[in-house]
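Down below is the structure, laid out as structure tokens.
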Amino acid sequence: MEDDAAAPGRQASQGTHFKPPTGPGRCTGCGFYVARQGHRSGCHRDAPVTPGEADFGATRPWPDPSQDFIGNVNAADHARSVFLKPVGNPHGWRVKSDTRGDAHARLRGVAEHVSKQTEGVTNNALNWAAHKMRGPVASGELTIHEVRDALWNACITNGYIQRDGENQTLATIASGLGVSKADLC
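Following the working numbering, the numbering of the sequence shown begins with 3 at its first residue and continues without gaps.
As structure tokens, then:
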């Protein structure tokens with residue numbers, strides 16, 4: 003194999019295009035580990051670089067935990083500091099929703115599902131529907147009585163109460179909601 007000095011093309015290329023870093027280390031302006039002095043920062047481009055902790059000359063993608071970066075790092079200066087800033091809504095859309103309205107829509111959906119079931123699977127569908135409504139009841143978006151009334155009306159439409167009785171229907175709804183039958187009355 004030829005010696006590097008004997009390869010004139012490579013020698014010329016290194017002489018004109020390759021600039022060795024002035025010294026890896028930590029930037030005194032922001033504290034990031036940098037490969038050379040003057041590393042893409044507009045606020046302290048000519049800040050000296052302190053030698054040491056070079057990490058093989060590469061820039062670390064995370065900040066030094068001993069520094070306070072939130073106050074002295076600007077996202078325009080360091081693309082890596084974006085993760086320190088809170089992320090907003092990029093489109094400006096309204097993100098707050100009407101959770102009570104959403105809970106009522108979910109209740110209407112599960113009640114409709116129960117009312118469409120056939121004779122053999124109504125008990126399972128009713129238990130599933132009541133279980134799906136545990137979250138809105140626990141968060142206060144719906145009351146137990148609203149859920150009970152909606153599912154009760156679905157069972158009347160389906161004919162489940164005539165087949166299995168009122169006691170069994172209340173027990174299934176209570177079981178799905180995780181409450182006692184006395185709480186439903």
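Ideal Cβ positions, reconstructed from N, Cα and C, are used throughout, including at glycine.
### Task
Report yes if the C-beta distance between A105 and L153 is below 8 Å; otherwise report no.
Taking the sequence shown and counting its residues from 1, one reaches residue 105 at position 103. Taking the sequence shown and counting its residues from 1, one reaches residue 153 at position 151. No; because the gap between Cβ atoms is not below 8 Å, this pair is not in contact.
### Message
I need the boundaries of the alpha helix (DSSP H) containing E143, first residue and last residue.
### Response
As a position in the sequence shown, residue 143 is number 141, starting the count at 1. Counting along the chain, E143 falls outside any alpha helix (DSSP H), and DSSP gives it neither H nor E.
### Exposure label - T101; buried when at least 16 CB within 10 Å
Mapped onto the sequence shown, residue 101 falls at position 99. Classification for T101: exposed.
#### Entry: Environment of Q119 [buried if 16+ CB atoms lie within 10 Å]
Position 117 of the sequence shown, counted from the first residue, corresponds to residue 119. Counting Cβ neighbours within 10 Å, Q119 comes out buried, since at least 16 surround it.
### Message
Could you check whether the Cβ of Y162 sits closer than 8 Å to any Cβ belonging to chain B?
### Response
Among the chains in the structure shown there is no chain B, since it carries only a single protein chain.
#### Entry: Inter-residue spacing [alpha-carbon to alpha-carbon] between L179 and L109
Here the question's residue 179 lines up with position 177 in the sequence shown. Here the question's residue 109 lines up with position 107 in the sequence shown. The alpha-carbon atoms of L179 and L109 are separated by roughly 13 Å.
### Query
Using CA coordinates, which residue listed in C157, E148, K134 and R150 is at the minimum distance from V123?
Taking the sequence shown and counting its residues from 1, the one referred to as residue 123 is at position 121. Comparing Cα positions, the closest option is C157.
### Message
Check for me: the alpha helix (DSSP H) holding G178 runs from which residue to which?
### Response
Reading the sequence shown from its first residue, position 176 is the one you call residue 178. E168 to L179 is the span of the alpha helix (DSSP H), which, as asked, contains G178.
### Task
Take R150 and list the residues in its own chain whose beta-carbon comes closer than 7 Å to its own, dropping the five residues that flank it on each side.
By one-based count along the sequence shown, residue 150 stands at place 148. For R150, where only same-chain residues beyond five positions count, the Cβ hits under 7 Å are I175 and L186.
### Task
Take the Cβ of S117 as the centre, count every other Cβ of all protein chains shown within 10 Å, and call the residue buried at 16 or more, exposed below.
The sequence position of residue 117 within the sequence shown is 115, counting from 1. Buried, by the Cβ-count rule.
### Query
In or out: A113 buried (at least 16 other Cβ within 10 Å) or exposed?
Locating residue 113 in the sequence shown gives position 111, where the first residue counts as 1. A113 should be labelled buried.
### Query
Under 8 Å between the Cβ atoms of A131 and H115?
If you number the sequence shown from 1, residue 131 lands on position 129. If you number the sequence shown from 1, residue 115 lands on position 113. Yes.
### G137 versus I146: straight-line alpha-carbon distance, rounded
Working through the sequence shown from its first residue, we reach residue 137 at position 135. Working through the sequence shown from its first residue, we reach residue 146 at position 144. Taking the straight line from one Cα to the other gives about 11 Å.
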